[in-house]
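Listed in order, the protein sequences are those of chains A and B.
Each residue of the first sequence is one higher than the last, beginning at 1 in the working numbering.
Each residue of the second sequence is one higher than the last, beginning at 245 in the working numbering.
Using N, Cα and C, we set each Cβ at its ideal position, and we do this for glycine too.
In this text the structure is predicted, and so the values were computed from the model without any measurement.
To keep things clear, I will list the structure first and then write my remarks on it.
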Amino acid sequence: MSSPEAATLPNSAPLSTPGSAPELAAPRAGFLSQESRDIIVKGLWTQNPGVVQLLGLCPLLAISNNVVNALSLGLATTLVMAMSSGSVALVRNFIPHEIRIPAFVLIIAVLVTMVELAMHAWVPALYIVLGVFLPLITTNCIVLARVEAFASKRSTSHSVLDATMMGLGLTAVLVVLGGVREAIGKGTLFSGIDLALGPVAKGWVIPLAHDYNGFLLAILPPGAFIGLGLLIALRNRLMMRDNG
Amino acid sequence: MIGSPYILGRNSTSAIMLKVMLALIPGIVAHAWLFGPGIWVSLFLCSAFAIVFEALLLLMRGLPLKPFLSDNSALLTAWLLALSLPTLAPWWLYAIGMLFAIVVAKQLYGGLGQNLFNPAMIGYAALIVSFPVNMTQWAAPVGLADHALTLLDAFDVVFAGQGSISADAYTSATVLDTWKTQARLGTPSESILSQPIFGWAGGQGHEIVALMYLAGGLLLLSLKLITWHIPLAFLAGLAATAGVLHLIDPTQHASPLLHLFSGGAMLGAFFIATDPVTAASTPRGKLIYAGMAGLLTAIIRAFGGYPDGVAFAVLLMNVCVPFIDTYTQPRVFGHHPGHSKGRKS
């Protein structure tokens, strides 16, 4: 059952981001504390919100029909998560325990409104495509989950790092799912990229096949459920190999 | 545990599957006779893809090939899907249908006996949602087609595309499709029914095939492989709902007779809704499950966007089966009904 590359797969699988490099070079630690490295690995892989905690699935399933939508909403969510976890960690000692949840939600709602207005101002086309899912970040359970489970108890810097890594972990799953659905459903990658980057990016869409008639099921909601199920299965498979 | 009456069952899974396939043969032969040899190509392709996908998934799951491949269940799924799909469709349509039936609906759920949904109907639903155009080009009855295809022509059409012969020369819409589009346009029902694709009861040719499925279903009943509950409740639910709709507005809703003898009604009633894994298993549960499936079929046909509703109706009722089974457990002899499992006062 085990193959030579099996040992290296789990580490390289979660779309390695520049920030995750230190965890591979464990011996010469020093740049990041053990605790920070734990937070990074948890957010991106062992506690990944998309395929392990299964939190924040509403946008994951609804907006992952192509790469550009998935990446945009993923990054917007990450930004909101980092800001809200940081803000809550700053004021956590001033919020009465009994009313902390409404207070957290208010803080998150303010930050979401800011991101929404900013996207409306600078990327209006993308703002229209993402539609209701931008304001819905407020109710996305992964944002509140990190605020309540982590930021309300820990230092500000660790809270921001945790929220960023959880957000990037979710974004990675969104992008992979969006890429698979777009490739199978439409036969392209990065369609609609001009909505995010302006008309200059119009030619950056990658057609994967000519005369492809499309496979509607992958674009429709069932494609999201089946695709996410397969991603979770793939990750479980990798973890099983890892643990023998 | 040994329970009376100490009679060894003679029906292995593979023998049951084989008998069900045998019961399909009258319908298949009638189909080949009335609609040309395309059905042989689609049956062959679906069977081949079914065995390939089943073997592949068994290998991936680390299970032995021989006992699972020889239970004939994949082959039966392939036949049921092939008979639900238009013949003379491109080969990849059959491949994708079998991929969803065998890989997604059956093996990913844990193999035979573990699947929540009827595999053949998952294959059909995935295809009709994704490729509505290919799924509505049915082979025309031999007498009505401008171009009679030989078996070689059929292979050619399936693998190489239509080539010199236009698809319109050998395909036509189904009666359910025609009725729906024409009735919504306001065409009087007499002039719809006088079109050549309509026969005396359902679609021309299709009604004979449906009768043959009925005969095959009665064979299954006489072999005691299925009970009367599901087919009767399904057909009654379909006919009653269609009848009520027809009485309310005969210009928009076709007669119950047309509903019974067109689309997948007969095949669904005897061969698809009766799947022992995904159907309800208590006698009262079977009546509720199949009656509701018949009702939903009529409603989807009348108001839905897709030409036939059997697949979606069966799949929707598949979801309800655990619920139905829990609440319809028969009373155990000697026990008070109030104490039976799953019932709350």
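Residues from the stretch 368-384 of chain B in contact with chain A, defined by Cβ distance under 7 Å: Residues of the stretch 368-384 of chain B with a C-beta atom less than 7 Å from some C-beta of chain A are Ala370, Val373, Ser374, listed in chain order.
Residues, ordered as in the chain, of the stretch 213-244 of chain A that lie near chain B by beta-carbon distance below 7 Å: Listed by position along the chain: Phe215, Leu216, Leu217, Leu220, Ile226.
Proximity below 8 Å, CB of Pro551 of chain B to CB of Thr418 of chain B: Their beta carbons are under 8 Å apart, which means Pro551 of chain B touches Thr418 of chain B by this criterion.
Contact with chain A by Val563 of chain B, beta-carbon distance below 8 Å: Taking 8 Å as the threshold, the shortest C-beta distance from Val563 of chain B to chain A does not fall below it.
Assigned secondary structure, Thr188 of chain A (DSSP; H/G/I helix, E/B strand, else coil): Looking at Thr188 of chain A - three-state DSSP - the assignment turns out to be strand.
DSSP state of Val355 of chain B mapped onto helix, strand, coil: Sequence inspection shows Gly at residue 355 of chain B; the Val mentioned does not correspond to that position. Residue state, collapsed to three classes: coil.
C-alpha distance - Thr321 of chain B paired with Ala513 of chain B, whole-angstrom precision: Their backbone Cα atoms lie some 15 Å apart in a straight line.
First through last residue of the alpha helix (DSSP H) which encompasses Ser433 of chain B: Ser433 of chain B: member of the alpha helix (DSSP H) spanning 433-437, first to last residue.
Inter-residue Cα distance where the pair is Pro566 of chain B and Ala524 of chain B: Linking Pro566 of chain B to Ala524 of chain B through their CA atoms gives a straight-line distance of about 7 Å.
Contact residues within the stretch 329-360 of chain B, judged by C-beta distance below 7 Å to chain D: The question asks about chain D, but that chain is absent: this structure's protein chains are A and B.
Burial state of Thr422 of chain B, where buried means 16 or more other Cβ atoms lie within 10 Å: Thr422 of chain B should be labelled buried.
Pairwise C-alpha distance: Pro334 of chain B and Val285 of chain B: Distance between Val285 of chain B and Pro334 of chain B, taken at the CA atoms: about 11 Å.
Assigned exposure category for Lys153 of chain A - 16 Cβ within 10 Å defines buried: Exposed is the call here.
Pair within 8 Å by beta-carbon distance, Gly367 of chain B and Leu325 of chain B: Contact: yes.
Distance cut-off 7 Å: Pro432 of chain B Cβ against heavy atoms of the ligand NAD: What this structure holds is no ligand at all, so the ligand NAD is not there to describe.
Sequence-distant residues of the same chain with beta carbon closer than 7 Å to Gly405 of chain B, five excluded per side: Sequence-distant partners of Gly405 of chain B (beyond 5 residues in either direction) whose C-beta falls short of 7 Å from its own C-beta, in its chain, are Pro334.
Cross-strand partners of Gly447 of chain B (DSSP beta bridge): Bridge partners of Gly447 of chain B: B:Phe442.
Simplified DSSP state of Thr331 of chain B, which is helix, strand or coil: Under the three-state reduction of DSSP, Thr331 of chain B is assigned to coil, being neither helix nor strand.
Run of the alpha helix (DSSP H) containing Glu148 of chain A, from where it starts to where it stops: That residue, Glu148 of chain A, is in no alpha helix (DSSP H); it is neither H nor E in DSSP.
Sub-8 Å separation of Ala224 of chain A and Val123 of chain A beta-carbons: 8 Å or more divides the Cβ of Ala224 of chain A from the Cβ of Val123 of chain A.
Supposed contact pair Leu79 of chain A and Val115 of chain A - C-beta distance, whole angstroms, cut 8 Å: Contact flag correct, Cβ pair sits at about 6 Å.
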